[in-house]
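**Q** In full-length UniProt numbering, the protein residues as written are 1 to 42. Dropping the structure in here first, questions after.
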Amino acid sequence: MLEIEKKLAFKVAVFGNGGVGKTTLIRRFSTGIFEEDIKMTI
1 MLEIEKKLAF KVAVFGNGGV GKTTLIRRFS TGIFEEDIKM TI
């Protein structure tokens, strides 16, 4: 029997002060990669 792969999609809002690691946290959970030396997003 043919199995169909289902992909889940979520929308997440992350709030917090600047420079605390919001982008790093999201990238870690979405890609599985943790980058220690990341530039600030803004």
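The C-beta atom is built at its ideal place from N, Cα and C for all residues, glycine as well.
Between the C-alpha atoms of K7 and G18, what's the straight-line distance to the nearest angstrom?
**A** Computed Cα separation, rounded: 31 Å.
**Q** Is R27 close to chain B? Criterion is C-beta to C-beta, closer than 9 Å.
**A** The displayed structure is made up of one protein chain only, and chain B is not part of it.
**Q** Among D37, V12, G16 and K39, which one has its Cα closest to the Cα of F29?
**A** Minimum Cα distance to F29 is reached at V12.
**Q** Is the separation between the beta-carbon of I4 and that of T24 shorter than 9 Å?
**A** No.
**Q** So what does DSSP say about K6, is it helix, strand or coil?
**A** Here K6 sits in coil by DSSP.
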